[in-house]
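Just below is one structure, and these are the notes that go with it.
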Amino acid sequence: MRIRATTVAVSGVLALSALAVPAAQAAGGSSYSPSGLAKLAQAHQGTAGRSAYTASTAADAGAPYALDLSFSNVQVNKGKPIVAGTTTHGTFPVTYTVTHGADVDIHADDFLMDVEIYRGTTIDDAANELFGVDWPSCTDTSTTTASCKGTIDVYADEQLSNADATSWKAFGFAIALNGQDPTGDDWSKIGYAEQDKLATTKLQRLSKLTVNAAPEPVKKGKTITVTGKLSRANWDDGQYHGYATQSVRLQFRKKNSSTYTNVKGIKSSSTGTLKTTTKATVDGYYRFSFVGTSTTPAVNATGDYVDVK
C-alpha cells in the first residue's frame, strides 16, 4: 500500500516525511510515494515545475540516465468516466503496455513504475493528481514487453473539488534505482523515463434521482402527479445539492413489460425538484430519467408502481 497524496513538497533537503511509506506495505519494498519519486527524478533532470529543487541542487548529485522504456495502450477505467460521490472511496482500473530494453528489469525490487492521472495542460502545471494506493502489477508478454494493471484511487472528500469535474490526462513514469539511495547517491546511476498525455479520462460528480407518483391506487383516466428531485455530489462541501434547470424525461413501463417509454420531457427547478402530471391508463411504473452532462453522469430513478383501478 502507498500513501495517498496529491502533492509532495521537495526542497534542497528532501522532505522525507512527505515521501515516506511503510516499506513493508509497498510493493517491491519501496519506501517512497510514486509522485514524490517522479518529482525528485525530474528535479535531477533539471525539469521545472514539479519540484522546489534548484538546478544546481539537482546537478550536485548528477542527472538520471534515460531509461529505455515506453508506455502504450493506456486505458483508464475501461474508457468510462470516473464517477465519485461525496465520501465513498472508489478504485478504478488502469491498464497499459510497457515496452523496455532487454537490460531493463521491471520486476526488480527497487524498480518503480506507475501511470497516474492529472488535471492541467501538462504534468508540470497539474492542478491535481490521482494515483493508486497499490503499485501496479505486470505480466511479461515477451522479453521486452509486459501487460500491466494498476488503479486510480479516489477519496473525494480529501482530494476533489468541483473544478475537478472535467477532463484529465494520464502520465507514466518509471525509475530504476539500481541499488542507489535517491536521497543521496549518484543519480547518474539511476534510470528514469516518463511520458505525458498517454490517454484522457473524465471525472464526474455522482448524480441521484428520485420519483414519487400519486395517488396510489388511482382510477383509470384520472390524473396522477409525479414528483422527484435531481441532485449531484458537491465536492466542495461534501453534500448533495439539487441540479438546476436540467432536462429530465418522465418514462413509463407497463406492469408486465421490461421496457420504459418516454411520456414527456420537463426541466428541474432552481433547486433540482421535479413535478409534472399525466393520465393513468394501465398498471405500471413511472420514473424520471436524466441523460447526463459532461460533468454529471446519466441516472434513472427507481420506478414507482401505480395501481390503476
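Read in order, the letters of the sequence shown are residues 1349 to 1657 in the working numbering.
Think of the CB as a built atom: it goes at the ideal place given N, C-alpha and C, for glycine as much as any other residue.
Rounded to the nearest angstrom, what separates residue i and residue j at their Cα positions?
i     : j     : result
T1435 : A1450 : 44 angstroms
A1592 : T1619 : 6 angstroms
L1557 : K1603 : 21 angstroms
T1549 : V1647 : 19 angstroms
A1649 : D1457 : 49 angstroms
A1581 : P1412 : 43 angstroms
H1437 : V1431 : 11 angstroms
K1426 : F1479 : 16 angstroms
G1410 : Y1540 : 13 angstroms
G1532 : F1638 : 56 angstroms
I1471 : Y1608 : 45 angstroms
P1530 : K1537 : 10 angstroms
S1642 : S1555 : 12 angstroms
G1632 : K1623 : 19 angstroms
D1453 : S1617 : 59 angstroms
P1563 : F1519 : 55 angstroms
L1551 : V1446 : 25 angstroms
F1459 : A1547 : 23 angstroms
S1605 : H1589 : 33 angstroms
T1439 : T1492 : 29 angstroms
Shortest alpha-carbon distance to residue i belongs to which of the options?
i     : options                    : result
T1626 : T1573, G1620, V1559        : T1573
V1463 : S1420, A1432, A1475        : S1420
D1585 : S1509, W1516, T1549        : S1509
L1417 : R1467, G1427, A1411, A1494 : A1494
D1488 : H1455, Y1466, R1553, G1498 : H1455
T1469 : D1544, L1622, L1551        : D1544
M1660 : H1589, E1542, A1511        : Beyond the ends of the chain as shown, which are 1349 and 1657, falls residue 1660; an answer cannot be given.
A1429 : V1654, T1609, P1645, Y1653 : Before going further, note that residue 1429 is Pro rather than Ala in the sequence given. Comparing Cα-Cα distances from P1429 to each of V1654, T1609, P1645, Y1653, the minimum goes to P1645.
N1476 : S1617, K1577, Y1466        : Y1466
S1490 : H1448, T1499, P1530        : H1448
W1516 : Q1587, A1474, T1621        : A1474
A1513 : K1577, K1623, G1433        : G1433
F1521 : D1631, T1643, A1414, V1559 : A1414
D1482 : A1518, P1441, T1492, F1519 : P1441
S1579 : F1459, V1630, K1615        : K1615
G1640 : I1500, R1553, T1492, T1439 : R1553
In its own chain, which residues sit with a C-beta less than 8 angstroms from the C-beta of residue i, not counting the 5 before and 5 after it?
i     : result
G1613 : S1595, V1596, R1597, L1598
K1657 : P1565, V1566, K1567, K1568
S1485 : A1375, C1496, K1497, G1498
For residue i, collect the residues of the same chain with a Cβ closer than 6 angstroms to its Cβ; drop the 5 residues on either side in sequence, then sort them by chain order.
i     : result
Q1423 : T1443
W1583 : A1504, L1508, S1509, N1510
K1570 : A1628
D1621 : The sequence given here places Thr at residue 1621; Asp does not occur at that position. Counting only Cβ-Cβ distances below 6 angstroms, and skipping sequence neighbours, we find K1577.
V1559 : G1576, R1635, F1636, A1649, D1652
Q1587 : none
Near residue i, what residues of its chain come up, given a Cβ to Cβ distance below 7 angstroms and the 5 sequence neighbours on each side ignored?
i     : result
K1561 : It is worth fixing the name first, because residue 1561 is Ala in this sequence and not Lys. Taken in chain order, the residues that qualify are I1572, V1574, Y1634, D1652, V1654.
N1610 : R1597, Q1599
P1370 : Interpretation of P1370 is limited by its pLDDT of 28, a score under 50 that renders its predicted location unreliable; no figure is taken from the coordinates.
**Asked** Are the segment 1492 to 1505 and the segment 1520 to 1531 in contact at 8 angstroms, needing three or more beta carbon pairs?
**Response** With the cut-off at 8 angstroms, the segment 1492 to 1505 and the segment 1520 to 1531 do not touch.
**Item:** beta strand (DSSP E) segments (min. 3 residues) lying fully within the segment 1573 to 1597
**Value:** For the beta strand (DSSP E) assignment, the uninterrupted runs of no fewer than 3 residues enclosed by the segment 1573 to 1597 are, from N- to C-terminal side, 1587 to 1590.
**Item:** Ranges of the beta strand (DSSP E) found wholly within the segment 1459 to 1545, counting only runs of at least 3
**Value:** Fully enclosed beta strand (DSSP E) runs of 3 or longer: 1459 to 1467, 1476 to 1478, 1485 to 1488, 1493 to 1503, 1515 to 1524, 1539 to 1543.
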